[in-house]
Amino acid sequence: LGTYNPLPNKEGFKEIRLKEDKIKYWLSVGAQPSERVSWILGKAGLTPPPPRRYNPIKGTPRSERRSYSTFAGARALCMV
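Each residue of the sequence shown is one higher than the last, beginning at 1008 in our numbering.
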């Protein structure tokens, strides 16, 4: 259905080649793209872009975030 080269070329672009006719065919017969493929197809304009995921932890400055170990410790204390 296409190729993806993650290494940038001389101009600094990563190359994605999509075979639109085959992609449209498989989507028309019920194929379900993975989350990452759905994102790529949305960027190419072949499907509507998937909804953006909300991650409240990434929205806060790093200095104000609690680490995962703090959450794990609090959870362990609550379970005792």
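For glycine and all other residues, C-beta sits at the position ideal for the given N, C-alpha and C.
Asked                                                                                                 : Found
LEU1025 (DSSP reduced to helix, strand or coil)                                                       : strand
GLY985 - DSSP class collapsed to helix/strand/coil                                                    : Only positions 1008 to 1087 of the chain appear in this structure, which leaves residue 985 out of reach.
Beta-carbon proximity check, LYS1029 vs LEU1008, cutoff 8 Å                                           : yes
Neighbourhood of ALA1051 by C-beta, 7 Å cutoff - its chain only, sequence neighbours within 5 removed : LEU1025
DSSP three-state assignment for TYR1011, whether helix, strand or coil                                : strand
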